[in-house]
Structure formats: structure tokens, C-alpha cells
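Everything on this sheet refers to the single structure shown next.
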């Protein structure tokens, strides 16, 4: 079980971005974090994976534990060796390396080059397209293929928890569906626990067991995925529906903005 | 005709020695992405340490050369640890400026420790020339070039086949993504600088044997740039080809153009070639263009 308890993150020593986030990710589940731009979704993931330093961020308060083992102030490579691997937003494949070299580099913590080579087959069975393109430079892949490569590369590290940051970003709906289906299969067949950060709430809630809604660095709503889908606020603000099946008008958006300012 | 042959062959062999200078630079780019402006100075330091251990301390070759390599590897790792690691979350420009500062520091330290005079490195092999079909090559140049080839092969193999070599390439491609996969970038950076230090020790030995050891060896550092720009900043094969190209241009212009254009022209010729290449291929002949998808 992955647990965050009252986590606060500060950027540049002044900007408080996470204002006490607590959440629980039971092993074997898919948990999604929803929210607008700048709500703190990516920061939450980076706080878990230890990758805040590059953004001059720092966890200043709270506990982050995995199986009762504290992850706070641990190096990113320690956290990966505990089985927690983040797939960064924007895919971030190694553009100048071949697809296969990208995958092999993902196996860095898992063992020798030889054992990593034996893993490749499993990855290719999930992502047959990567097999077809295995000797190409990753920079020349399409966006969807790069996202598959980023997920496949993370799988090479034998993750028990995979932190996925906006895998749907910039992809056609067909590809989003394909990638989400693979994520679901990985969860079911390989038992990988998934923390899924998404703006595409509809797609995320379809495969998730549980969801949290972040707003301005705080969790404002949580619940089982099917309950969240029925929740009127979520339906209105994140799924873009005001009544069932109706499109939302711009006036409602303005009301929401006003309301949010009052509440925030 | 035989003059042309002679100039070509000695250009190629000297080029291999330029490749050795560039190799240390390439290893740092490959393993940490840093453009290291101090590699020339590190080579000078390597030459001084080598000459000190072999003459003043009186170590035999079999002990002195490996000792210098180890010392310089520690120097390289130390540079990474104390000069660059504190900057690891800063912009690349900050890191590059740090290497420039480092170069100046080493340039100042070396005469402070060893004085200003010309030192020498005892000769490992007797100074003769191999002659073959009327083409003469100094023994030291010949065997150094052979060593460089072996070294380049070893590094090429390391980068393409080993786990750490692959991790180093991943780090130079995208530091954050490499970290997200559990690659320890501190280790990778330290290893690449240690390698650059070890290579600098060997380069210092070779060039110190050829030219004598004094602070003027620093001018060699300026030749690293035409070599790596021609060959591509992170290509090992490119370093060889760039080195040979620079060696050829220098040797041929020394043979044919120096009489007309003045004795210093052969030193400038590689830099002119560098400019011309940059016009045509800004990322070098074997470099990687930034991949941009549209």
C-alpha cells in the first residue's frame, strides 16, 4: 500500500504547491488523480518518485510510505529499486537511442544486460508495434508509439507501482483507448498497481478503481470510480456534462470559476 | 607524389593522436551531457603528473603509467564531485561556465606546483622512425596510434554493449527520464569524468613524449573543438574521423601552403575547416541533428 499523509511541497523555497495531500493507493488497484492544470497532480507524483529536485521542489511536511517504508528524502534510484517507477509527462523517451536501447535502459535496476534482453519479449507481447520498430531511433516514433515505449521502458524495471503522468496527452482518442486498455491489462495480468494522473477524466474513471480530485494543491473529493462518475460536480466540472447527455454552456463555466474563487 | 604520400600518412597518424585528445571530451558529453572546456588543461595536468612520477619520483613505466591513470581518474571524479555536482540542477550554461573556470584554475595551478620550465617524459621506446616504401613514421607516433585504436574500440564496445555504458547514454539524452528509471546520475557523471581523467593521463603521456611537457601543451585543447565539431560531440567513431581530418588538413597545409601563406598557417587551417563545416552541417559531420517531429 502506498500512502501519502499530509504532504506539503514547496517550490523555490517559497511557493506552496501541495497543501497537505493525503491519499491511499491499495496494492493491485488503479487509482486516478484528477484535476485541472496546476492543481498539483504532477507534483504529487514527483513527490512520490523523488524527482522534485530538478524543479527545485521539496517535500517540507508529511509522510510518504510504501509498505510502511518511508520514501521521503530518498534518492530516485532508491525509490525505483523499491518498485515504484514514474512514467513522465510528455513521454520523455531517449530520442537518440533505438527503441530497443530505450527498453534495455529501463532494465538498469533490474539486473544484467542479458536478463534485460530476456525481458524484451514480454514487453513486445504487450506492445507489438514496438517490436516492428525496435531498431529505429525513438525520436522518430509517433506520439502514441512513444507513449507505449515510455510505459514499456518503465515496465522493464519490474515496477510494483507505476506512476503514469498524463499518458493521453496529445494523443488521438483511438490511441488513448488502446493505451488505457493496455494499462488495465498490466494491472490485471501483471498485478501492477497504477497511480494515473489524467486530465481526461472520463477515460481515467473507466479503468480506475478509485479516484481523487485535486484542486489548488488540496484533495477536494474522493471516492470509488463509479461513484465519482455519478457525482454531479465531477460530471459537471471534469466530464463536461451539466445534465445527462447535455453539453455545457459557457455561462456554467463562468459560474464555476466564480464559485471556485470564493471557495479557494 | 611521395611527398603527398608522406604528408597523408603522417597526417593520419597525428590525427589518431588528436582523436585521443577528443575522446576524453566525447566521454564526458556522452556520460553527462556537459560540454567540457577544460579537457585540454586536464591533459596538461596529466602530462605533468606523468613526467613528475616518471622522472622526479623515478617510477618505472609499468608502475608510473597506471599510477598516473589512476591519479587522473581520481582528479576527474573529484572535479565532478566538487565543481559540478553542486550545480547539477542548474542550467547547462552554468555547468559549461564552471568547466571554463576550472580550466583557468588548472592552468594556474600547474606552474605553481611544478614551475615554469620545460620538463620531459623519458622515452618508453627508442626514438627511431619506421620506414616503409620511403614513408617515415616516428616509432612513438606509430605505437601511440595503435594504442588509440585499441582504446577507441574498447570505449565503443563499452558504450554500445554494457549496462553502465547504456545508462550513460541515457543520462546524456534526458537526465530526468534516466533518473526516473533508477539510473544513478551521480554515479554516471562521476564515472564519465573519471574516464575522461584516465584518458587525459594517456593523452598527456603521448603528447608530452612528442612535444615535451610544459604549459604550452594547453594549445592542444584548442584543437579538440575542430575534432569534435567535425566528428559530432558524442560520437566515438566521429572523434577518430574528425581527428584524422584535422591531422590531414594540418599536415597537408604544412606541406603545401605554409611556404606561400606563412609558417603558422597549418595551425590555423583546421579552425578554418571547422568554420566551413559549421556552415554546411551545424551539428557536425557525424553529430546528431536534434530530432524534431512535425
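Protein chains in written order, with our numbering: chain V, 28 to 291; chain Z, 109 to 402. Note that CB positions come from ideal geometry on N, CA and C, so glycine has one too.
What are the partner residues of residue i, as DSSP defines its beta bridges?
i, result
"residue 95(Z)", "Given that chain Z is displayed from residue 109 to residue 402, the structure contains no residue 95(Z) and the question cannot be resolved."
"residue 103(V)", "The partner list for residue 103(V) (beta bridge, DSSP) is empty, contrary to what the question assumes."
"residue 30(V)", "51(V), 92(V)"
"residue 116(Z)", "Residue 116(Z) pairs with nothing; no bridge assigned."
"residue 46(V)", "35(V)"
"residue 62(V)", "241(V)"
"residue 343(Z)", "Bridge partners of residue 343(Z): none, in fact."
"residue 227(Z)", "321(Z)"
"residue 57(V)", "221(V)"
"residue 196(Z)", "According to DSSP, which records beta bridges pairwise, residue 196(Z) is partnered with nothing at all."
"residue 164(V)", "125(V)"
"residue 188(V)", "111(V), 220(V)"
Among the options, which has the Cα closest to the Cα of residue i?
i, options, result
"residue 337(Z)", "217(Z), 368(Z), 369(Z), 143(Z)", "143(Z)"
"residue 22(V)", "221(V), 167(V), 170(V), 212(V)", "As shown, chain V starts at 28 and ends at 291. That puts residue 22(V) outside it, with no answer to give."
"residue 215(V)", "96(V), 153(V), 48(V), 246(V)", "153(V)"
"residue 135(V)", "135(Z), 274(Z), 344(Z)", "274(Z)"
"residue 291(Z)", "179(V), 88(V), 78(V)", "78(V)"
"residue 98(V)", "34(V), 246(V), 258(V), 235(V)", "34(V)"
"residue 87(V)", "66(V), 32(V), 123(V), 65(V)", "32(V)"
"residue 324(Z)", "187(Z), 216(Z), 121(Z), 207(Z)", "216(Z)"
"residue 329(Z)", "287(Z), 345(Z), 311(Z)", "311(Z)"
"residue 175(Z)", "149(Z), 379(Z), 159(Z)", "159(Z)"
"residue 212(V)", "56(V), 193(V), 70(V)", "56(V)"
"residue 133(V)", "363(Z), 289(Z), 148(Z)", "289(Z)"
"residue 30(V)", "74(V), 63(V), 41(V), 42(V)", "74(V)"
"residue 124(Z)", "178(Z), 384(Z), 356(Z), 263(Z)", "356(Z)"
"residue 72(V)", "96(V), 38(V), 39(V), 111(V)", "111(V)"
"residue 385(Z)", "333(Z), 373(Z), 192(Z)", "333(Z)"
"residue 233(Z)", "347(Z), 368(Z), 251(Z)", "251(Z)"
"residue 209(V)", "228(V), 122(V), 172(V)", "172(V)"
"residue 264(Z)", "346(Z), 366(Z), 365(Z)", "346(Z)"
"residue 331(Z)", "230(Z), 122(Z), 112(Z), 259(Z)", "122(Z)"
"residue 185(V)", "142(V), 206(V), 66(V)", "142(V)"
"residue 381(Z)", "162(Z), 256(Z), 370(Z), 354(Z)", "354(Z)"
Please confirm whether residue i has its beta-carbon closer than 8 Å to some beta-carbon of chain B.
i, result
"residue 270(Z)", "Here chain B cannot be found, since the structure's protein chains are V and Z."
Measuring straight from C-alpha to C-alpha, what distance separates residue i and residue j?
i, j, result
"residue 45(V)", "residue 76(V)", "15 Å"
"residue 147(V)", "residue 218(V)", "18 Å"
"residue 160(V)", "residue 126(V)", "7 Å"
"residue 105(V)", "residue 187(V)", "14 Å"
"residue 195(V)", "residue 225(V)", "8 Å"
"residue 113(V)", "residue 181(V)", "7 Å"
"residue 406(Z)", "residue 130(V)", "Residue coverage of chain Z in this structure runs from 109 to 402, which leaves residue 406(Z) outside it and unanswerable."
"residue 313(Z)", "residue 181(Z)", "14 Å"
"residue 387(Z)", "residue 164(V)", "26 Å"
"residue 150(V)", "residue 117(V)", "20 Å"
"residue 236(V)", "residue 271(Z)", "37 Å"
"residue 170(V)", "residue 199(V)", "9 Å"
"residue 68(V)", "residue 173(Z)", "54 Å"
"residue 49(V)", "residue 242(V)", "13 Å"
"residue 184(Z)", "residue 232(V)", "51 Å"
"residue 168(V)", "residue 156(V)", "10 Å"
"residue 41(V)", "residue 85(V)", "10 Å"
"residue 285(Z)", "residue 115(V)", "7 Å"
"residue 242(Z)", "residue 116(Z)", "13 Å"
"residue 360(Z)", "residue 197(V)", "54 Å"
"residue 175(V)", "residue 137(V)", "20 Å"
"residue 211(Z)", "residue 326(Z)", "10 Å"
"residue 249(V)", "residue 60(V)", "9 Å"
"residue 208(Z)", "residue 299(Z)", "20 Å"
"residue 234(V)", "residue 254(V)", "13 Å"
"residue 291(V)", "residue 390(Z)", "In this prediction, residue 291(V) has a pLDDT of 41, which is less than 50 and means its spatial position is unreliable; what the coordinates show is noted afterwards. In a straight line, the C-alpha of residue 291(V) is about 51 Å away from that of residue 390(Z)."
Could you check how far apart the C-beta atoms of residue i and residue j are, in whole angstroms? I think they sit under 8 Å.
i, j, result
"residue 83(V)", "residue 197(Z)", "7 Å"
"residue 301(Z)", "residue 136(Z)", "6 Å"
"residue 120(V)", "residue 177(V)", "6 Å"
"residue 146(Z)", "residue 221(Z)", "About 17 Å separates the two Cβ atoms, so there is no contact after all."
"residue 236(Z)", "residue 247(Z)", "5 Å"
"residue 120(Z)", "residue 349(Z)", "Wrong, their Cβ atoms sit about 11 Å apart, outside the cutoff."
"residue 245(Z)", "residue 118(Z)", "7 Å"
"residue 261(V)", "residue 230(V)", "Not confirmed; about 14 Å, so no contact."
"residue 166(V)", "residue 122(V)", "3 Å"
Run the proximity test for residue i: is its beta-carbon closer than 7 Å to any non-hydrogen atom belonging to the ligand GTP?
i, result
"residue 97(V)", "The ligand GTP is absent from the structure shown, which contains no ligands of any kind."
Stretch-stretch touch, CB-based, cutoff 8 Å, three pairs: the stretch 139 to 157 of chain Z with the stretch 203 to 214 of chain Z: Three or more Cβ pairs closer than 8 Å define a contact, and the stretch 139 to 157 of chain Z meets that threshold against the stretch 203 to 214 of chain Z.
Inter-stretch contact (C-beta, 8 Å, three-pair minimum) for the stretch 181 to 200 of chain Z and the stretch 318 to 331 of chain Z: With a cut-off of 8 Å, the stretch 318 to 331 of chain Z and the stretch 181 to 200 of chain Z do not count as touching, because too few Cβ pairs lie within range.
Validate contact between the stretch 277 to 293 of chain Z and the stretch 150 to 165 of chain Z using beta carbons, cut 8 Å, 3 pairs: Touching, no.
The stretch 116 to 135 of chain Z / the stretch 323 to 341 of chain Z touching (three or more Cβ pairs under 8 Å): The stretch 116 to 135 of chain Z, when compared against the stretch 323 to 341 of chain Z, does touch it at the 8 Å Cβ threshold.
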